[in-house]
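Data block below; observations after.
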Amino acid sequence: MLMLLAVVIGWLGYSTLPVNLLPDIEIPTIAVQIRYPGAEPESMADQVAKPIED
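Using the UniProt record's numbering, the first residue of the sequence shown is number 1, and each one after it goes up by one.
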């Protein structure tokens, strides 16, 4: 019974703690979709993806 009381008190304490260590941050992202019909993966990486990254 004492163990159950300790667990309940611990859970209540944990659930009411403020979250100051995890601020709301928006990370900027961008998505690019390119279609290159018939291209092999290697040529797509060398001719399209690398120039866009640079």
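Beta carbons are placed, not taken as given, at the ideal position from N, Cα and C, and that holds for glycine.
Residue range of the alpha helix (DSSP H) that Gly13 falls in? Looking at the DSSP string, the run of the alpha helix (DSSP H) that includes Gly13 is Leu2 to Ser15.
Out of Ile30, Glu40 and Gly38, which has the shortest C-alpha to C-alpha gap to Ile52? Ranking Ile30, Glu40 and Gly38 by Cα distance to Ile52 puts Ile30 first.
Which of helix, strand or coil does DSSP assign to Glu40? Secondary structure of Glu40 (DSSP, three-state): coil.
Just checking: is the beta-carbon of Glu40 within a distance shorter than 8 Å of some beta-carbon in chain B? No chain B appears in the structure shown, which is made up of a single protein chain.
Any heavy atom of the ligand ADP closer than 7 Å to the CB of Asp54? Ligands are entirely absent from the displayed structure, and the ligand ADP is therefore not among its contents.
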